[in-house]
Ligand code: COA
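Residue numbers (the working numbering): 42 to 305.
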């Protein structure tokens, strides 16, 4: 698939309604410095506005590393202001990924540590290569995660498991990531991208409005009271029933034919 460069370390490929973003910094196992984080943030801002054209984003890495975290060399010797600026930019970028209207699929090919694990935690679906290792090792640097690891991980796997990973810095294998609910499936290394593409294509083939709304209702509902989440669910369903695609889906079922969804 032909790729364009968003940055020397970020490659982008398109396949119909799917975009594949590849972190390409093999010599540093995909570690993210300020410039990569900025380019990633700019891309995500632009992608948000292209929700009708792009319906699924796949994020992956290159070689042994998916993303081995923030670029530790970039922390070395810098002042507090620079450090804080990097953390603010990371937060904006990762929040923007988590809030994308598109479905997001993370294909973790190798080390997903610190910010790399946090990037995966911002995606809707995580597929992991059997070679991957995931973790939040910041405690070993005398630090803690700053890209959502202390908040998104416990929401996904529960507080006890999250504390174990945060407080020991232990790296987990792909199978354990699936067992604890931090990933959906493990794949043989060669099968990772084909599986992520197959899954993305299935998503891209769904009616676009309920696809987007399913993500929003779950994500908004998780942080809301149950009654507020249930009210949101009913409101969204009512609105979908009024759409052309809602009517088409029902009509097609009654006429025993495949529905033709238009996104309206
Ligand atoms: N930032 C900057 N460079 C990194 C990096 C990071 N987060 N992670 C790996 N690298 C670099 C290494 O410095 C090394 O560069 P070099 O070849 O110029 O020395 C290269 O990537 C390969 O890493 P190396 O440590 O030699 O590979 P390994 O297989 O022995 O170990 C890891 C792999 C992932 C276990 C190890 O690199 C590591 O612990 N990385 C740091 C992870 C981390 O703490 N992330 C959170 C950051 S806040």
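Cβ atoms here follow ideal geometry from the backbone N, Cα and C, with glycine treated the same way.
In chain order, what residues of the same chain lie with their CB nearer than 6 Å to the CB of residue i, ignoring the 5 residues before and after it?
| i | result |
| --- | --- |
| residue 163 | 135, 138, 139 |
| residue 305 | 285 |
| residue 67 | 103, 104 |
| residue 174 | 152, 212 |
| residue 178 | 154, 210 |
| residue 115 | 74 |
Can you tell me where the alpha helix (DSSP H) holding residue i begins and where it ends?
| i | result |
| --- | --- |
| residue 269 | 267 to 282 |
| residue 156 | 156 to 162 |
| residue 220 | 215 to 221 |
| residue 193 | 190 to 198 |
| residue 294 | 285 to 295 |
Using 7 Å as the threshold, is the C-beta distance between residue i and residue j below it?
| i | j | result |
| --- | --- | --- |
| residue 232 | residue 97 | no |
| residue 190 | residue 154 | no |
| residue 171 | residue 215 | yes |
| residue 131 | residue 212 | no |
| residue 80 | residue 53 | no |
| residue 168 | residue 248 | no |
| residue 144 | residue 165 | yes |
| residue 106 | residue 176 | no |
| residue 65 | residue 101 | no |
| residue 128 | residue 183 | no |
| residue 74 | residue 112 | yes |
| residue 202 | residue 221 | yes |
| residue 142 | residue 92 | yes |
| residue 121 | residue 82 | no |
Looking at the secondary structure, which residues open and close the beta strand (DSSP E) in which residue i lies?
| i | result |
| --- | --- |
| residue 98 | 97 to 101 |
| residue 226 | 226 to 228 |
| residue 52 | 51 to 56 |
| residue 175 | 174 to 176 |
| residue 41 | No answer is possible for residue 41: it lies beyond the span of the chain, which begins at 42 and ends at 305. |
| residue 211 | Looking at the DSSP string, residue 211 is not in any beta strand (DSSP E), and its letter there is neither H nor E. |
| residue 48 | 44 to 48 |
Who are the Cβ neighbours of residue i in its own chain at under 7 Å, not counting the five residues just before and after it?
| i | result |
| --- | --- |
| residue 261 | 273 |
| residue 289 | 300, 301, 302 |
| residue 55 | none |
| residue 227 | 169, 171, 215, 216, 219 |
| residue 277 | 254, 258 |
| residue 198 | 221, 222, 223 |
| residue 256 | 144, 165 |
Can you list, in chain order, the residues of its chain whose CB lies under 8 Å from that of residue i, leaving out five sequence neighbours each side?
| i | result |
| --- | --- |
| residue 208 | 180 |
| residue 281 | 250, 251, 254, 287 |
| residue 225 | 166, 167, 168, 219 |
| residue 60 | 53, 54, 88, 95, 97, 98, 99 |
| residue 230 | 150, 170, 171, 172 |
Can you give the beta carbon distance from residue i to residue j, rounded, assuming they're within the 8 Å contact cut?
| i | j | result |
| --- | --- | --- |
| residue 95 | residue 58 | 6 Å |
| residue 157 | residue 71 | 6 Å |
| residue 293 | residue 99 | With 8 Å as the limit, residue 293 and residue 99 do not qualify as a contact, their Cβ atoms being about 29 Å apart. |
| residue 193 | residue 159 | 7 Å |
| residue 146 | residue 237 | 5 Å |
Got a sec: is the Cβ-Cβ distance from residue i to anything in chain B below 7 Å?
| i | result |
| --- | --- |
| residue 228 | No chain B is part of this structure, which consists of one protein chain only. |
Starting from the N-terminal side, write out each stretch of the alpha helix (DSSP H) that is 4 residues or longer and does not extend beyond the region 88 to 146.
-> 121 to 139
In chain order, which beta strand (DSSP E) runs of at least 3 residues are fully inside the region 63 to 90?
-> none
3-residue-minimum beta strand (DSSP E) runs that sit fully inside the region 225 to 266, ordered along the chain = 226 to 228
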